[in-house]
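Worksheet for the structure shown next.
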Amino acid sequence: MLEFIRQLGRGGIGQFAKLGRANLFMLKVLGGFPGLVRRPGLLVAQLWSVGVLSLMIIVVSGLFVGMVLGLQVYNTLVDFGAEESLGVAVALSIVRELGPVVTALLFAGRAGSALAAEIGLMKATEQLSGMEMMAVDPIHRVVAPRFLAGFISMPLLAAIFSAVGIYGGYFVGVALLGVDDGAYWSQMQAKVDLFDDILNGVIKSLVFGWVVTWIAVFEGYDAIPTSEGVSRATTRTVVYAAFAVLGLDFVLTALMFGD
Amino acid sequence: MKSNKTTELMVGMFIAAGVAALFVLAMQVSNLSSFGNGDTYRVTARFENIGGLKVRSAVTVGGVRVGRVASIDYDSERFQAVVGLDLESKYNRFPEDTSAAIYTAGLLGEQYVALEPGGSEDVLKDGSQIELTQSALVLEKLISKFLFQKASEGDQK
């Protein structure tokens, strides 16, 4: 029994120590940003692998999420003869919730896991210690550009997801199911607010971008430098990122749309 | 990774696409396009009952949106709701005896303020008050009125 409680305590202390390491790590990463001004090439290369390569999955998922939403919401609304409100329903649910959240989950799976595995492998193959030997700070050189790239890419990807999704809903609703073209857009424009809805969606995606990339680069950097450690770090990245995104989404929604 | 130039080009296109998507969201999806050009003037109207009217609800004349509801207050001395209406400055020729009514768009739709121009020579200015108002129809009141009427008819027979 005593042993069990001690185990619990050890686990708790371990988690807190990790949280502290993650915060100190974040501070160091932030300290690496000024150096990126002199080396924009590092950032561009990471924007390529984090942002551009994630584009395909984001566009395809956005299109299909929008189309499914159009279909489902239409079936519900048509019972009330309110199918003109399809645009509002699709736009609000995508811009407020699905855009940021689904993008963040896909981003964690597509880019976050890759970041964690890459940094973890660099650690396992002692490339990071090699850099330190050459007086190059690996956090400045390796982690900071990756983190910033993730933080920049995520809101852009979420915006693309939302825009594509709304056009997906438009395609199904207007082109296939025969909702009036003008009603789809005009009702949407009447109900969707630039600041309350779209800006809040962008804020959400900024927060998610920050958190997902933070978890990814930290898990990679903190990984046990063995092949098993790297694989566990990659798994943890996706799981923790999903938890963090869904939990934070609730908190942010309550703060933004709660009144 | 591809050569440096291709990378830069693709990253540039990615960022441009992201910004363009934000732009589409702002212009096409949100109400940005229906904001006026900023200049408005404020008139107030007093209603007995505003029903489900909200701040930012539309103000229309003949079905054309000319402004928005800017504020809703309650005057506890005269027991009336005071509604501030922001009208766009380009529509500045409303006669002073314009009347205001609260209607519902569709059966379950949003409520809006409809203005009906009168015949006066003087026009509404910033700070003017609309004197002739008609309250929102409250469905429950209407139904109960109807039921009472039916019941009293039944008594007479």
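Those sequence lines, one after another, are chains A and B.
Residue numbers for the first sequence follow the numbering used here, so the first one is 1 and each next one is one higher.
Residue numbers for the second sequence follow the numbering used here, so the first one is 260 and each next one is one higher.
Glycine included, each C-beta is placed from N, C-alpha and C at the ideal position.
On the premise that residue j lies in contact with residue i, defined as a C-beta separation below 8 angstroms, what is that separation, rounded to the nearest angstrom?
| i | j | result |
| --- | --- | --- |
| residue 189 (chain A) | residue 283 (chain B) | Contact doesn't hold; Cβ gap of about 12 angstroms is too wide. |
| residue 273 (chain B) | residue 156 (chain A) | 7 angstroms |
| residue 213 (chain A) | residue 116 (chain A) | Wrong, their Cβ atoms sit about 10 angstroms apart, outside the cutoff. |
| residue 160 (chain A) | residue 90 (chain A) | With a Cβ gap of about 16 angstroms, residue 160 (chain A) and residue 90 (chain A) do not count as contacting. |
| residue 305 (chain B) | residue 386 (chain B) | Rounded, the Cβ-Cβ distance is 14 angstroms, inconsistent with contact. |
| residue 200 (chain A) | residue 256 (chain A) | 5 angstroms |
| residue 168 (chain A) | residue 20 (chain A) | About 44 angstroms; that fails the 8 angstroms criterion. |
| residue 248 (chain A) | residue 208 (chain A) | 7 angstroms |
| residue 33 (chain A) | residue 148 (chain A) | 7 angstroms |
| residue 458 (chain B) | residue 163 (chain A) | Residue 458 (chain B) lies beyond the range of chain B shown here (260 to 416); nothing can be said about it. |
| residue 336 (chain B) | residue 357 (chain B) | With 8 angstroms as the limit, residue 336 (chain B) and residue 357 (chain B) do not qualify as a contact, their Cβ atoms being about 25 angstroms apart. |
| residue 218 (chain A) | residue 25 (chain A) | 5 angstroms |
For residue i versus residue j, is the C-beta spacing smaller than 8 angstroms?
| i | j | result |
| --- | --- | --- |
| residue 326 (chain B) | residue 397 (chain B) | no |
| residue 47 (chain A) | residue 203 (chain A) | no |
| residue 362 (chain B) | residue 350 (chain B) | no |
| residue 330 (chain B) | residue 298 (chain B) | no |
| residue 54 (chain A) | residue 110 (chain A) | yes |
| residue 84 (chain A) | residue 74 (chain A) | no |
| residue 142 (chain A) | residue 128 (chain A) | yes |
| residue 468 (chain B) | residue 360 (chain B) | Missing from the structure shown is residue 468 (chain B); chain B here goes from 260 to 416 and no further. |
| residue 58 (chain A) | residue 106 (chain A) | yes |
| residue 194 (chain A) | residue 285 (chain B) | yes |
| residue 224 (chain A) | residue 240 (chain A) | no |
| residue 323 (chain B) | residue 353 (chain B) | no |
| residue 196 (chain A) | residue 95 (chain A) | no |
State yes or no: is the beta carbon of residue i nearer than 8 angstroms to at least one beta carbon in chain B?
| i | result |
| --- | --- |
| residue 162 (chain A) | yes |
| residue 137 (chain A) | no |
| residue 19 (chain A) | no |
| residue 157 (chain A) | yes |
| residue 51 (chain A) | yes |
| residue 194 (chain A) | yes |
With burial defined as no fewer than 16 other Cβ atoms inside 10 Å of the residue's Cβ, what is the status of residue i: buried or exposed?
| i | result |
| --- | --- |
| residue 36 (chain A) | buried |
| residue 221 (chain A) | buried |
| residue 228 (chain A) | exposed |
| residue 18 (chain A) | exposed |
| residue 333 (chain B) | exposed |
| residue 345 (chain B) | buried |
| residue 2 (chain A) | exposed |
| residue 260 (chain B) | Residue placement at residue 260 (chain B) is flagged as unreliable, the pLDDT there being 49, under the threshold of 50; the coordinate-derived value follows with that caveat. Exposed, by the Cβ-count rule. |
| residue 182 (chain A) | exposed |
| residue 226 (chain A) | exposed |
| residue 123 (chain A) | buried |
| residue 270 (chain B) | buried |
| residue 154 (chain A) | buried |
| residue 13 (chain A) | exposed |
| residue 187 (chain A) | buried |
| residue 80 (chain A) | exposed |
| residue 51 (chain A) | buried |
| residue 108 (chain A) | buried |
8 angstroms is my cut-off, CB to CB: does residue i come that close to chain A?
| i | result |
| --- | --- |
| residue 346 (chain B) | no |
| residue 363 (chain B) | no |
| residue 316 (chain B) | no |
| residue 330 (chain B) | no |
| residue 323 (chain B) | no |
| residue 277 (chain B) | yes |
| residue 373 (chain B) | no |
| residue 338 (chain B) | no |
| residue 288 (chain B) | yes |
| residue 406 (chain B) | no |
| residue 312 (chain B) | no |
| residue 341 (chain B) | no |
* Could you tell me which uninterrupted alpha helix (DSSP H) segments, each at least 4 residues in length, are contained entirely in the segment 102 to 149 of chain A, listed from first to last along the chain? => 113 to 124, 127 to 133
* Asked: Hey, which unbroken runs of the beta strand (DSSP E) at 3 residues or more fall wholly within the segment 264 to 348 of chain B?
  -> Qualifying beta strand (DSSP E) stretches, in chain order: 299 to 306, 317 to 320, 323 to 334, 339 to 347.
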